[in-house]
């Protein structure tokens, strides 16, 4: 089936002023790369940018801002943009997860202090899923890559790692896209002063969902044991 290229490659002709102000904080080469990727690839460019940010580069808040800007410009494609940001982030995280998985704690020690490593180890021992999902939802300056490296170094089970990334990054990017589509430009003004609060609500929703799943799982296990 032929898919018209404009559905996938369309992007706004220029970035809004608030996004340009964010980009201005980055090095010139990074600004040029982002303009080129999004300008020629739209959502596909967003996938590449999210991959870079989650693997070998650091582009704080840019993915969130791009999802909002692209969704404001093309509301009908919001799901595509949020999906590309989520997928790119997952692929980037998997890259450094496998590097740490092969290199062990020696890789982790280059990025974190012994105290941080021990603290994160204890968190992973308690709950593998939440130790990835919660930081994945949190905004910068949360050191999310340390948690990803630790997941690889501590041999966290891949299914829990992937599930946590899908939930954490998916909720985050789809939330921004949803707000952009339904509240328009007001989203930018609102998030400037309420970014942490909105992130906190998203974390609360994920925690509530996790607790409900655990309760249901225990209930089913008890029924199975009784039967």
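In our numbering, the protein residues as written are 197 to 423. Just so you know, even glycine gets a beta-carbon here, dropped at the ideal spot from N, CA and C.
| query | result |
| --- | --- |
| Inter-residue Cα distance where the pair is residue 236 and residue 230 | 10 angstroms |
| Where the alpha helix (DSSP H) containing residue 331 begins and where it ends | 324 to 333 |
| Cβ-Cβ distance between residue 332 and residue 364 below 8 angstroms | yes |
| Burial state of residue 215, where buried means 16 or more other Cβ atoms lie within 10 Å | buried |
| Proximity of residue 300 and residue 242 at Cβ, strictly below 8 angstroms | no |
| Residue 288 in three-state terms, based on DSSP | helix |
| Given 8 angstroms, three or more beta-carbon pairs between the stretch 268 to 276 and the stretch 377 to 394 | yes |
| Inter-stretch contact at 8 angstroms, needing at least 3 Cβ pairs: the stretch 301 to 318 / the stretch 383 to 396 | no |
| Residue 252 versus residue 418: straight-line alpha-carbon distance, rounded | 46 angstroms |
| Beta-carbon proximity of residue 373 to residue 244, cut-off 8 angstroms | no |
| Three-state class that DSSP yields for residue 381 in the structure shown | coil |
| Close beta carbons around residue 320, own chain, < 8 angstroms, minus the five adjacent residues each side | 327, 346, 347, 350, 352 |
| Within 8 angstroms, strictly: CB atoms of residue 218 and residue 275 | no |
| Residue 390, DSSP secondary structure in three states | helix |
| Other residues of its chain near residue 294: CB distance less than 8 angstroms, five sequence neighbours each side excluded | 348 |
| Option nearest residue 330 by Cα separation, candidates 400, 239, 281 | 400 |
| CA-to-CA distance, residue 415 to residue 408, given in whole angstroms | 11 angstroms |
| Where residue 238 sits in the DSSP three-state scheme | coil |
| Close beta carbons around residue 281, own chain, < 6 angstroms, minus the five adjacent residues each side | 242, 246, 259, 263, 369 |
| Sequence-distant residues of its chain with Cβ nearer than 6 angstroms to residue 278 (five each side left out) | 263, 369, 370, 373 |
| Distance between residue 360 and residue 286 (C-alpha atoms, nearest Å) | 10 angstroms |
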